[in-house]
Amino acid sequence: MNSKAKKPKTERMEWEFISLASHQMRTPLSAVKWFTEILLSGDLGKLNTEQRDFVEMISSSNARMIHLIDVLLKLSRIETGRVTIDPRPTDLSKLFQDVIFEFENQIKMKKLKLKLKLSQDLPKIKIDSTLFHEAYVNLISNSIKFNRIGGKIEVVITRKGNEVFSSVTDAGCGIPRAEQHKVFQRFFRAKNVGAGSEEGSGLGLYLVKRIIDIAGGRIGFESQEGKGSTFWFTLPISGQKPKKGEVSLVR
Amino acid sequence: MKKVLIVEDDKFIASAYKTKLRKVGYEIKLAYDGEEGLVALEKFKPDIIILDLVMPNKDGFQMLKELRGIPKWQKLPVLAVSNLGQREDIEQALRLGATDYIVKTDVSLADIVNKIESLLQK
Numbered sequence: 000m001n002s003k004a005k006k007p008k009t010e011r012m013e014w015e016f017i018s019l020a021s022h023q024m025r026t027p028l029s030a031v032k033w034f035t036e037i038l039l040s041g042d043l044g045k046l047n048t049e050q051r052d053f054v055e056m057i058s059s060s061n062a063r064m065i066h067l068i069d070v071l072l073k074l075s076r077i078e079t080g081r082v083t084i085d086p087r088p089t090d091l092s093k094l095f096q097d098v099i100f101e102f103e104n105q106i107k108m109k110k111l112k113l114k115l116k117l118s119q120d121l122p123k124i125k126i127d128s129t130l131f132h133e134a135y136v137n138l139i140s141n142s143i144k145f146n147r148i149g150g151k152i153e154v155v156i157t158r159k160g161n162e163v164f165s166s167v168t169d170a171g172c173g174i175p176r177a178e179q180h181k182v183f184q185r186f187f188r189a190k191n192v193g194a195g196s197e198e199g200s201g202l203g204l205y206l207v208k209r210i211i212d213i214a215g216g217r218i219g220f221e222s223q224e225g226k227g228s229t230f231w232f233t234l235p236i237s238g239q240k241p242k243k244g245e246v247s248l249v250r
Numbered sequence: 000m001k002k003v004l005i006v007e008d009d010k011f012i013a014s015a016y017k018t019k020l021r022k023v024g025y026e027i028k029l030a031y032d033g034e035e036g037l038v039a040l041e042k043f044k045p046d047i048i049i050l051d052l053v054m055p056n057k058d059g060f061q062m063l064k065e066l067r068g069i070p071k072w073q074k075l076p077v078l079a080v081s082n083l084g085q086r087e088d089i090e091q092a093l094r095l096g097a098t099d100y101i102v103k104t105d106v107s108l109a110d111i112v113n114k115i116e117s118l119l120q121k
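Residue numbers (numbering that gives the first Met the number 0), protein chains in the order written: chain A, 0 to 250; chain B, 0 to 121.
What follows is the structure in structure tokens.
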């Protein structure tokens with residue numbers, strides 16, 4: 000499926016502009032990242048406590064910008080049809096366990112209880128593992144970020160008819176009913192998320208939705224304020240179709 | 000002392016490399032595009048090249064293609080460090096003979112130092 004043909008021309012041009020602008024920002028962001036690293040390493044002399052605090056704040060603000068630009072670039076590849084889709088027979092349970100491994104420390108730090116219900120007899124499904132790795136990363140990262148200390152995360156991956164069903168349930172703050180229709184919109188942030196709490200790009204769920212869309216799957220959620228949320232998606236068992244990618248627009 | 004040729008058009012990025020790699024104990028030569036890079040290659044005779052890809056005049060892809068065409072440089076480790084992150088960009092650089100590929104914003108300078116050390120040991 001080629002998303003290029005279906006997008007209205009103006010929207011595609013907008014994403015091309017975003018892609019070019021994001022690329023231009025990457026070089027100065029790398030410079031800030033590396034110079035703060037040099038300052039913090041002490042190679043050029045020891046910083047006093049206040050200097051160190053400030054350089055650390057520059058560094059983490061910069062990391063947030065890098066993250067935002069990364070997500071924008073990933074999205075722009077999908078929205079302009081430049082993304083590579085290279086489906087290979089994939090064991091979703093294994094793919095998921097690789098993702099969990101990356102978050103082990105964060106799960107431990109928040110004392111979260113992880114319950115995995117990964118079906119043992121799942122067939123391998125032809126998907127692009129880079130894209131679905133990204134989708135799981137975003138769902139797990141949210142379930143940690145918005146969870147309470149000591150809360151539960153439950154993950155289900157199972158077959159339902161002609162689809163593979165994945166869900167991630169957290170015991171977090173949930174999403175107020177009045178805001179639920181906006182969840183998959185860009186830059187959505189629920190009002191009940193406390194000020195000063197961890198901030199994301201506001202694009203994570205939108206990116207997940209687009210990844211599922213182009214694979215011909217469905218995505219949805221159930222949420223109760225104060226109790227938690229379940230985000231789920233399905234994939235056709237027949238897998239996704241391949242698509243040749245294109246080199247970066249900036250070239 | 001091992002010699003590192005840095006081919007990078009951004010002056011700030013080049014300066015960050017220079018500061019860190021000198022501190023670690025490498026001899027450094029900077030070139031600001033592929034054309035300068037090829038000249039420096041013959042004079043400086045590096046043990047490894049750090050190569051940016053998007054550069055004015057002669058870009059990194061072209062420099063890679065030309066240097067791999069010279070028999071004595073066919074085995075020289077070339078680490079492509081770029082902000083191009085699309086799979087096709089990475090595959091093209093590897094096809095043209097880059098030994099390894101790193102996306103700049105994904106890594107720290109310490110990561111790059113580690114990568115250089117492991118490429119030099121091979």
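Think of the CB as a built atom: it goes at the ideal place given N, C-alpha and C, for glycine as much as any other residue.
{"Asked": "Could you give the residue range of the beta strand (DSSP E) that holds A:D90?", "Found": "Where A:D90 is concerned, there is no enclosing beta strand (DSSP E), given that its DSSP letter is neither H nor E."}
{"Asked": "Three-state secondary structure (DSSP) at B:G59?", "Found": "helix"}
{"Asked": "Examine the Cβ distances between the segment 71-87 of chain A and the segment 228-241 of chain A and report whether three or more of them are shorter than 8 Å.", "Found": "yes"}
{"Asked": "Please confirm whether B:L63 and B:A30 have their CB atoms less than 9 Å apart.", "Found": "no"}
{"Asked": "Across which residues does DSSP place A:N146 in a beta bridge pair?", "Found": "A:G171"}
{"Asked": "Does any residue of chain B bring its CB to less than 9 Å from the CB of A:T89?", "Found": "no"}
{"Asked": "Answer yes or no: does any C-beta atom of chain B fall closer than 9 Å to that of A:K190?", "Found": "no"}
{"Asked": "Using 8 Å as the cut-off, classify the Cβ of B:Q61 as near or not near the heavy atoms of the ligand NAD, replying yes or no.", "Found": "The model depicted lacks the ligand NAD and carries no ligand whatsoever."}
{"Asked": "Please report how far the alpha carbon of A:V182 lies from the alpha carbon of A:R188, in whole angstroms.", "Found": "8 Å"}
{"Asked": "Just reading off the alpha helix (DSSP H) that B:Y16 is part of, what are its end residues?", "Found": "10-23"}
{"Asked": "Taking only runs of the beta strand (DSSP E) that begin and end inside the segment 32-105 of chain A, which ones reach a length of at least 3 residues, in chain order?", "Found": "87-89"}
{"Asked": "In the DSSP assignment, find the unbroken beta strand (DSSP E) run with B:Y100 in it and report its ends.", "Found": "99-102"}
{"Asked": "Cβ of B:L108 less than 9 Å from any chain A Cβ?", "Found": "yes"}
{"Asked": "Closer than 8 Å by C-beta to A:Q184: which residues in its own chain qualify, once you throw out the five before and the five after it? Chain order, please.", "Found": "Y205"}
{"Asked": "Return the residue from the list B:Q85, B:N82, B:I12, B:V77 that minimises the CA-CA distance to B:E116.", "Found": "B:V77"}
{"Asked": "Near A:L115, which residues of its chain fall below 6 Å by C-beta distance, leaving aside the five closest residues on each side in sequence?", "Found": "V154"}
{"Asked": "Can you grab the Cα-Cα spacing for the pair A:M0 / A:I210, in whole Å?", "Found": "Because the pLDDT of A:M0 is 47, which lies under 50, any placement of that residue in the model is unreliable, and the number read from its coordinates should be weighed accordingly. Going from the Cα of A:M0 to the Cα of A:I210 covers about 13 Å."}
{"Asked": "List, in chain order, every chain A residue whose beta-carbon is nearer than 8 Å to that of B:I133.", "Found": "In the structure as shown, chain B starts at 0 and stops at 121, and residue 133 of chain B therefore has no counterpart that could be examined."}
{"Asked": "For A:M56, count neighbouring C-beta atoms within 10 Å of its own C-beta (all shown protein chains included) and say buried if the count is 16 or more, exposed if not.", "Found": "exposed"}
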